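Numbering (our numbering), first residue to last: 705 to 752. The C-beta atom is built at its ideal place from N, Cα and C for all residues, glycine as well. Predicted, not measured: the structure shown is a model, and the values here were computed from it. Notes follow once the structure below has been shown.
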Amino acid sequence: MNEVNIGIQKSNADFSAHVFSGPELAESWIKENSLTGVLTKYPLDQGI
């Protein structure tokens with residue numbers, strides 16, 4: 705079974721701003737939009 709994770713980029717907001725299927729897409733979006741915040745990896749379909 706393949707492991708599936710999502711990355712969530714959070715800026716100065718109460719809620720996450722973007723959800724990505726992988727770190728490459730997230731990092732590209734962050735750079736293209738000059739964003740700052742915390743990128744966190746979460747498992748899909750599992751509570752944390």
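Local conformation of residue i per DSSP, three classes
i, result
"L739", "coil"
Residue i to residue j span [Cα, whole Å]
i, j, result
"S738", "P747", "26 Å"
"F724", "Q750", "16 Å"
"G726", "G741", "17 Å"
"I752", "H722", "19 Å"
Within 9 Å, strictly: CB atoms of residue i and residue j
i, j, result
"E728", "L743", "no"
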